[in-house]
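Participant: I am attaching a structure below and will ask some questions about it afterwards.
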Amino acid sequence: MSDLDLTRFSINQMTVKQLSLPDLVVACGDLGVTNVGLWREPVQTYGVEATAKLVRDAGLTVTTLCRGGFLTATDPDERAAALADNRRAVDEAAALGTEVLVLVSGGLPAGSKDLHGARERIADALAVLGPYAEEHGVKLAIEPLHPMYAADRCVVSTLAQALDLAERFPAHQVGVTVDTYHIWWDDQAPAQIARAGAGGRIHTFQLADWTTPLPEGVLTGRGQIGDGAIDMREWQGYVEAAGYTGAIEVELFNDGLWARDGREVLAETAQRFVSHTAA
Numbered sequence: 001m002s003d004l005d006l007t008r009f010s011i012n013q014m015t016v017k018q019l020s021l022p023d024l025v026v027a028c029g030d031l032g033v034t035n036v037g038l039w040r041e042p043v044q045t046y047g048v049e050a051t052a053k054l055v056r057d058a059g060l061t062v063t064t065l066c067r068g069g070f071l072t073a074t075d076p077d078e079r080a081a082a083l084a085d086n087r088r089a090v091d092e093a094a095a096l097g098t099e100v101l102v103l104v105s106g107g108l109p110a111g112s113k114d115l116h117g118a119r120e121r122i123a124d125a126l127a128v129l130g131p132y133a134e135e136h137g138v139k140l141a142i143e144p145l146h147p148m149y150a151a152d153r154c155v156v157s158t159l160a161q162a163l164d165l166a167e168r169f170p171a172h173q174v175g176v177t178v179d180t181y182h183i184w185w186d187d188q189a190p191a192q193i194a195r196a197g198a199g200g201r202i203h204t205f206q207l208a209d210w211t212t213p214l215p216e217g218v219l220t221g222r223g224q225i226g227d228g229a230i231d232m233r234e235w236q237g238y239v240e241a242a243g244y245t246g247a248i249e250v251e252l253f254n255d256g257l258w259a260r261d262g263r264e265v266l267a268e269t270a271q272r273f274v275s276h277t278a279a
């Protein structure tokens, strides 16, 4: 892999979740991968401080931590618990040395059909969490998810909706995640990427391809780069025209990939990244 330019490539931990954290770190070192996006659950299992030392000693940069969010509950106790958990997520991001905490905002509460109210509760939570994140040197990145997730996972479905929320707060507190998988279908997304860039709000850029048919449950339908319908260079062009120069993270949820050898998947993903993005 030494002949591949992986300077901007970041492997999201979920892409190769079959690898333990130590194995992932070793595999990254062997392949010349210097950036990694981490997930809270495996980090907590291994230990936040232990993970921070592991990646620091290996010279890895943590590009993001996934995920905070789920901020739409109406029950007061549930809302308080969500805020407390998100403060912990900010603390974890700071300990890991990443500036970006990705937020999946949450779906509709049970029995509710009020999308507007759910989005307003996200804004209420951000008013609390934004300043807390700033105090810890962390930026919150609202990730719009494809509309098929609106009911149960994320009522923020477009970049326009994400920016409408983020722009209520300073850009160094709240911005957005641009993920090809979730926005490629939206003909307004290029203009919204420009809007985000003008405001300094593109906090991370993630790649995954759109392949069909979608699996049952749809969560594990994120295709390997190059296997689906999305032109990765086109979307890279949009974010770079908007001023984004940071790492490009590949985040795949895919049962077929998870069933394979993790080191093989990492090597393949790095190769696909180079083949399907601009130098």
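The sequence shown finishes on residue 279 if you use the UniProt record's numbering, and the numbering steps up by one all the way, no holes. Built from N, CA and C at the ideal position, the CB exists for glycine as well. All values derive from a computational prediction rather than experimental measurement.
(1) Could you have a look at Lys139 and say whether DSSP puts it in helix, strand or coil?
(2) Between which two residues does the alpha helix (DSSP H) harbouring Glu251 extend?
(3) For a quick check, are the C-beta atoms of Arg272 and Ile225 less than 8 Å apart?
(4) Are the beta-carbon atoms belonging to Ala166 and Ile202 less than 8 Å from one another?
(5) Which first and last residues belong to the alpha helix (DSSP H) in which Thr45 is found?
(6) Just to confirm the assignment, what range does the alpha helix (DSSP H) spanning Ile193 have?
(7) In the DSSP assignment, what residue or residues form a beta bridge with Arg222?
(8) My output table needs one value for Thr7: the three-state DSSP class, helix, strand or coil.
(9) Rounded to a whole number of angstroms, what is the C-alpha to C-alpha distance between Gly246 and Gln161?
(10) Answer with buried or exposed for Thr34, where buried requires no fewer than 16 other C-beta atoms within 10 angstroms of its C-beta.
(11) If you follow the beta strand (DSSP E) that Leu65 is in, where does it begin and where does it stop?
(12) Check the DSSP bridge columns for Asp179 and list the partner residues they point to.
(13) Under DSSP, the beta strand (DSSP E) around Val102 begins and ends at which residues?
(14) If you follow the alpha helix (DSSP H) that Phe273 is in, where does it begin and where does it stop?
(15) Of all the CB atoms in chain D, is at least one closer than 8 Å to the CB of Ile183?
(16) Taking the alpha carbon of Asp23 as the reference point, which residue from Leu266, Glu92 and Arg8 has its own alpha carbon closest?
(17) In this structure, how does DSSP classify Gly117 when only helix, strand and coil are distinguished?
(18) How is Val128 classed by DSSP in three states: helix, strand or coil?
(19) Please name the residue, chosen from Ala171, Val239, Val26 and Val155, that lies closest to Gly59 on a Cα-to-Cα basis.
(20) How close, in whole Å, do the beta carbons of Gln13 and Leu38 come, if the pair is a contact with beta carbons under 8 Å?
(21) Relative to the C-alpha of Phe70, which residue among Gly32, Arg119, Leu159 and Val100 is closest?
(22) For Arg67, I'd like the list of residues in its chain whose CB is within less than 6 Å of its CB, leaving aside the five on either flank, ordered along the chain.
Facilitator: In short, the structure shows the following:
(1) Against the sequence shown, residue 139 aligns to sequence position 139. In this structure, Lys139 counts as strand in the three-state DSSP scheme.
(2) Locating residue 251 in the sequence shown gives position 251, counting from the first residue. Unbroken run through Glu251: none, as it is neither H nor E.
(3) As a first step, residue 272 must be located in the sequence shown, where it is residue number 272. As a first step, residue 225 must be located in the sequence shown, where it is residue number 225. In contact: Arg272 and Ile225 (Cβ atoms closer than 8 Å).
(4) Within the sequence shown, residue 166 is the residue found at index 166, counting from 1. Within the sequence shown, residue 202 is the residue found at index 202, counting from 1. No, they are not a contact pair.
(5) As a first step, residue 45 is located in the sequence shown; it is residue number 45 there, counting from the start. Run containing Thr45: Arg40 to Tyr46, per the alpha helix (DSSP H) assignment.
(6) Walking along the sequence shown from the start, residue 193 turns up at place 193. Looking at the DSSP string, the run of the alpha helix (DSSP H) that includes Ile193 is Ala189 to Ala198.
(7) The sequence position of residue 222 within the sequence shown is 222, counting from 1. DSSP links Arg222 through a beta bridge to Trp210.
(8) In the sequence shown, the residue the question calls residue 7 occupies position 7. Correct three-state label for Thr7: coil.
(9) Locating residue 246 in the sequence shown gives position 246, counting from the first residue. Locating residue 161 in the sequence shown gives position 161, counting from the first residue. Using only the alpha carbons, I get a separation of about 23 Å.
(10) The residue labelled residue 34 in the question sits at position 34 within the sequence shown. Its Cβ being crowded by 16 or more others within 10 Å, Thr34 is buried.
(11) To locate residue 65, count along the sequence shown from 1; it is residue 65. Segment Thr61 to Gly69, the beta strand (DSSP E) holding Leu65.
(12) What you label residue 179 is simply residue 179 of the sequence shown in a count that begins at 1. DSSP lists Gln206 as partners of Asp179.
(13) Here residue 102 refers to the residue found at position 102 of the sequence shown. Here the beta strand (DSSP E) through Val102 covers Val100 to Val104.
(14) Along the sequence shown, read from residue 1 onward, the residue named residue 273 stands at position 273. Where Phe273 is concerned, the enclosing alpha helix (DSSP H) stretches over Gly262 to His276.
(15) The chain inventory of the structure shown lacks chain D, comprising one protein chain alone.
(16) Against the sequence shown, residue 23 aligns to sequence position 23. It is Leu266.
(17) The count along the sequence shown starts at 1 and reaches residue 117 at position 117. DSSP places Gly117 in helix when its eight states are reduced to three.
(18) Walking along the sequence shown from the start, residue 128 turns up at place 128. Taken through DSSP and simplified to helix, strand or coil, Val128 comes out as helix.
(19) Taking the first residue of the sequence shown as position 1, residue 59 is located at position 59. Selected option, being the one with the closest Cα: Val26.
(20) Here the question's residue 13 lines up with position 13 in the sequence shown. Here the question's residue 38 lines up with position 38 in the sequence shown. Right, their Cβ atoms sit about 5 Å apart.
(21) Here the question's residue 70 lines up with position 70 in the sequence shown. Of the listed residues, the one whose Cα sits closest to Phe70 is Arg119.
(22) Position 67 of the sequence shown, counting from 1, holds the residue named residue 67. Around Arg67: Val102 and Val104.
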